[in-house]
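Working notes, structure below.
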Amino acid sequence: MDLRARIAERLAAETGTLFKDAPERVALVYPSPYSVGMSSLGFLTIYREINARPGRAAERAFLPDEDAPKTGTLTTYESGTPVGNFRVVALSVAYELELAGVARVLEASGIPPLAADRDERHPFILCGGPLTNSNPLPLAPYADAIVMGEADELVHGVLEVIFGASSKHEALATLARTPGCFVPDAHGLSLPDLAKADHDKLPAFSPIRTPHTELSDMFLIEAERGCSRGCAYCVMRRSTNGGMRIVDKDHLLGLVPSDARKVGLVGAAVSDHPKIVEIVETLASQGRQVSLSSLRPDRLNDAFVAALKKGGARILTTALDAPSQRLRDSISRKAREQHLVRAAELAKLHGYKHLKLYMMVGLPGEEDEDIDELVRFATELSKIHPLALGIAPFVAKRNTPLDGQPFAGIKLVDRRLERLARGLKGRVDVRSTSARWAWIEYVLAQGGPTEGRAVLEATRAGGRFADYKRAFESLPSETPRRALRIVQ
Numbered sequence: 009m010d011l012r013a014r015i016a017e018r019l020a021a022e023t024g025t026l027f028k029d030a031p032e033r034v035a036l037v038y039p040s041p042y043s044v045g046m047s048s049l050g051f052l053t054i055y056r057e058i059n060a061r062p063g064r065a066a067e068r069a070f071l072p073d074e075d076a077p078k079t080g081t082l083t084t085y086e087s088g089t090p091v092g093n094f095r096v097v098a099l100s101v102a103y104e105l106e107l108a109g110v111a112r113v114l115e116a117s118g119i120p121p122l123a124a125d126r127d128e129r130h131p132f133i134l135c136g137g138p139l140t141n142s143n144p145l146p147l148a149p150y151a152d153a154i155v156m157g158e159a160d161e162l163v164h165g166v167l168e169v170i171f172g173a174s175s176k177h178e179a180l181a182t183l184a185r186t187p188g189c190f191v192p193d194a195h196g197l198s199l200p201d202l203a204k205a206d207h208d209k210l211p212a213f214s215p216i217r218t219p220h221t222e223l224s225d226m227f228l229i230e231a232e233r234g235c236s237r238g239c240a241y242c243v244m245r246r247s248t249n250g251g252m253r254i255v256d257k258d259h260l261l262g263l264v265p266s267d268a269r270k271v272g273l274v275g276a277a278v279s280d281h282p283k284i285v286e287i288v289e290t291l292a293s294q295g296r297q298v299s300l301s302s303l304r305p306d307r308l309n310d311a312f313v314a315a316l317k318k319g320g321a322r323i324l325t326t327a328l329d330a331p332s333q334r335l336r337d338s339i340s341r342k343a344r345e346q347h348l349v350r351a352a353e354l355a356k357l358h359g360y361k362h363l364k365l366y367m368m369v370g371l372p373g374e375e376d377e378d379i380d381e382l383v384r385f386a387t388e389l390s391k392i393h394p395l396a397l398g399i400a401p402f403v404a405k406r407n408t409p410l411d412g413q414p415f416a417g418i419k420l421v422d423r424r425l426e427r428l429a430r431g432l433k434g435r436v437d438v439r440s441t442s443a444r445w446a447w448i449e450y451v452l453a454q455g456g457p458t459e460g461r462a463v464l465e466a467t468r469a470g471g472r473f474a475d476y477k478r479a480f481e482s483l484p485s486e487t488p489r490r491a492l493r494i495v496q
């Protein structure tokens, strides 16, 4: 199926698409494929916000699927207009590995990826997204300006400046004085404070539902924003407006469309909402399937797990975070073994297929003994109820207490994963993400504009691990926070 036919098929299957013609038009681009971008509540919220303003419209575009033709110009879904024809191209970037997508979508749009190579003839490249909560510096070479933090309100003022300016130079000069807006050419490496949306902007919710995503036909809505737990590794501890902000139960339920059969409750700490059990029970009693983006083990009880099961959950998913209690304490996590034992018991009691736990390996101070403790404990849990582990190598992020901690090393992480898989063979399903790509994420998470520019070189060379390794190794030796030694 060619790209135009695929777009037409997806548009026909969507509910709530916003078709709007307006004098001020923005190409809103997600640097990952459609199925990923349409699962991003932040991306869809900005789409809804821009289209809600008189005289202004947003049209979506996405990184083409891997099997899509490599030729042709990137166009928007709503009107089929080439992205390069828009005056403003806005990109939402979730995390470091999407920088490759940023470079690819700009090149596919006929736009020079690096800001230094663009002039007044080219669109204004405005960036934002969750990456700004940690370290947007690697994104800086690609952006004319970056909205830091929560863009729900700030995006309108920024677009007014851009569309109202007589030139890009004038717009950048004004944005450089705008709180919450990072202009790399003006600010260098100095990042402004994060933008803070007023509480009356909550909750974010999706205007569009689609079957062509992992969250098939699901209505996404924010149950809370931020987190008050303060885990040492998490960028959400940098939450704006004093930590976690709760969405009123009745207000949330009143925004759910009557025809939405699936509802996704989104937030960094959804299970900490004081009315979460009532919300899930209400939605489930209406015959809807309910999904939560985060579930803390110390919040699980019989009523909560029963409500989730009534809402269609088949797998009870929560977080173990670290392989041992010693390491969980070191990263300020509240989960205790008794919480996980209780989770396994509840999963069995309510007939869940299995219990799934997410966790990290390669944490600072980790030893083989910590892995052995996990083998012992996971074996105990598996005797209560079938267990699966989803494992990711630890990546230190800026603006967290663990900022600057070294990557454990690709070989060491692989050895730890092998030790774990060997110890749990035949008893627990163990799946992990790549240590190699975690290292690339780490270099970017701890890096700056120089590392960001290296992504373009790696992407043009093919985007394989070897291409990134070669691009990073060619960086000047004085580059700050370099972590290349840990490839071994």
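The sequence shown begins at 9 in my numbering and counts up by one.
Backbone N, C-alpha and C define an ideal beta-carbon position, used for all residues, glycine too.
Nothing here was measured: the structure is a model prediction, and the numbers come from that model.
Cys235 - partner residues in DSSP beta bridges: When DSSP reads this structure, Cys235 sits in no beta bridge, so it has no partner.
Endpoints, the alpha helix (DSSP H) within which Ser299 is located: Annotation: Ser299 is outside any alpha helix (DSSP H); the continuous beta strand (DSSP E) that includes it extends over Gln297 to Leu300.
Reduced DSSP secondary structure (H/G/I, E/B, other) of Tyr476: Of the three classes helix, strand and coil, the one that applies to Tyr476 here is helix, per DSSP.
Residue span of the beta strand (DSSP E) that contains Tyr150, given as start and end: Per DSSP, Tyr150 is not a residue of any beta strand (DSSP E), being assigned neither H nor E.
The region 160–167 in contact with the region 421–435 per 3-pair CB rule at 8 Å: No, they do not touch.
Distance cut-off 8 Å: Thr140 Cβ against heavy atoms of the ligand GDP: Absence of the ligand GDP from the depicted structure is noted, as is the absence of any ligand whatsoever, leaving it without description.
Length of the line joining the Cα atoms of Glu161 and Val155: Approximately 11 Å, taken between the alpha carbons.
Alpha carbon of Val349 to alpha carbon of Ser390, nearest angstrom: A direct Cα-Cα distance of roughly 10 Å separates Val349 from Ser390.
Element boundaries [beta strand (DSSP E), containing Arg68]: Its beta strand (DSSP E) spans residues Arg64 to Phe70.
Residues that Tyr38 bridges to, as DSSP identifies them: Residue pairing of Tyr38 in beta bridges, as defined by DSSP: Phe70.
Neighbourhood of Ile379 by C-beta, 6 Å cutoff - its chain only, sequence neighbours within 5 removed: The answer, listed in chain order, is Pro331, Arg424, Arg427 and Leu428.
Contact belief for His275 with Glu232 at Cβ below 8 Å, rounded distance in angstroms: Sequence inspection shows Gly at residue 275; the His mentioned does not correspond to that position. Between Gly275 and Glu232 the beta-carbon gap is near 4 Å, inside 8 Å, which marks them as a contact.
Start and end residues, alpha helix (DSSP H) containing Lys356: Glu345 to Leu357 is the span of the alpha helix (DSSP H), which, as asked, contains Lys356.
Nearest candidate by alpha-carbon position, reference Ile229, set Val278, Thr182 and Ala479: Closest option to Ile229, Cα to Cα, is Val278.
Cut-off 7 Å between Cβ atoms - residues of its own chain near Ile15, not counting five sequence neighbours on either side: By the criterion of a C-beta distance shorter than 7 Å, Ile15 is surrounded in its chain by Tyr85, once the five residues flanking it on both sides are discounted.
Residue span of the beta strand (DSSP E) that contains Thr218, given as start and end: Annotation for Thr218: no beta strand (DSSP E) segment contains it, and DSSP assigns it neither H nor E.
CB of Arg68 within 9 Å of CB of Tyr38, strictly: It is a contact, given that the beta carbons lie within the stated cut-off.
Cβ-based burial, Ala60 [other Cβ within 10 Å; buried from 16]: Exposed, because fewer than 16 other Cβ atoms sit within 10 Å of the Cβ of Ala60.
Separation of Ser142 from Gly188, as counted between CA atoms: So the alpha carbons of these two residues sit roughly 14 Å apart.
Proximal residues to Arg444 (C-beta, below 7 Å), its chain only, five neighbours per side dropped: Excluding positions up to five away in sequence, the list reads Ile418 and Phe473.
Cβ contact (3+ pairs, closer than 8 Å) linking the region 205–215 and the region 302–313: With the cut-off at 8 Å, the region 205–215 and the region 302–313 do not touch.
Whether Asp225 touches Arg269 by CB criterion (9 Å): Contact flag set, yes.
Environment of Glu481 [buried if 16+ CB atoms lie within 10 Å]: It counts as exposed.
Whole-number beta carbon distance between Ala327 and Tyr366, since they are thought to touch under 8 Å: Contact flag correct, Cβ pair sits at about 5 Å.
Through-space distance from Ile392 to Gln496, alpha-carbon basis: At Gln496 the pLDDT is 47, less than 50, meaning the model places this residue with poor confidence and gives no usable figure here.
Where Tyr366 falls: helix, strand or coil (DSSP): Tyr366 falls in the strand class under three-state DSSP.
Cβ contact (3+ pairs, closer than 8 Å) linking the region 456–465 and the region 110–123: Yes, the region 456–465 touches the region 110–123.
Test item: CB-CB of Asp10 and Tyr42 under 9 Å: Going by C-beta atoms, Asp10 is not nearer than 9 Å to Tyr42.
Buried versus exposed call for Ser299 [16 or more other C-beta atoms within 10 Å across all chains shown]: By the neighbour-count criterion, in which 16 or more other beta carbons inside 10 Å mark a residue as buried, Ser299 falls on the buried side.
Beta-ladder partner(s) of Ser100, from DSSP: For Ser100, the beta-bridge partners assigned by DSSP are Gly136.
Endpoints, alpha helix (DSSP H) assigned at Glu449: Ala443 to Ala453 is the span of the alpha helix (DSSP H), which, as asked, contains Glu449.
Straight-line Cα distance separating Gly63 from Gly136: For Gly136 and Gly63, the gap between their C-alpha atoms comes out near 22 Å.
Backbone CA spacing between Leu410 and Asp208 [nearest angstrom]: C-alpha separation (whole angstroms): 33 Å.
Of the listed residues Ala21, Gly234, Ala396 and Lys78, nearest to Lys204 (C-alpha basis): Of the listed residues, the one whose Cα sits closest to Lys204 is Gly234.
Cα-Cα separation between Leu382 and Trp447, rounded to whole angstroms: Here the C-alpha atom of Leu382 lies approximately 23 Å from the C-alpha atom of Trp447.
Own chain partners of Asp422 with C-beta closer than 7 Å, once the 5 adjacent residues on each side are dropped: Here the set comprises Ala443.
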